[in-house]
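Asks:
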Amino acid sequence: MSVKDEIEARLTEAFAPIELVVENESHRHAGHAGDDGSGESHFRVTIRAAAFAPMGRVERHRAVHRALGDLTARIHALALDIG
530 MSVKDEIEAR LTEAFAPIEL VVENESHRHA GHAGDDGSGE SHFRVTIRAA
580 AFAPMGRVER HRAVHRALGD LTARIHALAL DIG
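With the numbering used here applied, the sequence shown covers 530 to 612.
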């Protein structure tokens, strides 16, 4: 399973989002710091879920990182748009 697919699966399971877009932006960072050559090192995630409503910004980010768990070790950059 690709990192993108794994991100989608874990976030769907954790939050049952009404919107989830996971973009692999690794090609934009080829040759830069953090590029491990895998083509799966930089991601942008847009997620909307009712579970985030009572949370503040930092708590939302922490919740996403908890849901991704050990997968975060394989990701160099993760841009989050959470609501």
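Every residue gets a Cβ at the ideal spot worked out from N, C-alpha and C, and that includes glycine.
1. Once DSSP output is grouped into helix, strand and coil, what is the label at residue 569?
2. Let me know if residue 550 comes out buried or exposed under the rule of 16 or more other beta-carbons within 10 Å of its beta-carbon.
3. In terms of residues, what are the limits of the alpha helix (DSSP H) holding residue 599?
4. For residue 583, does the count of other Cβ atoms within 10 angstroms reach 16, so buried, or fall short, so exposed?
5. By Cβ distance below 7 Å, which residues in the same chain neighbour residue 612 in space, the five residues on each side in sequence not counted?
Replies: Checking against the coordinates, here is how it stands:
1. coil
2. exposed
3. Per DSSP, residue 599 belongs to no alpha helix (DSSP H) and is neither H nor E.
4. exposed
5. 577, 581
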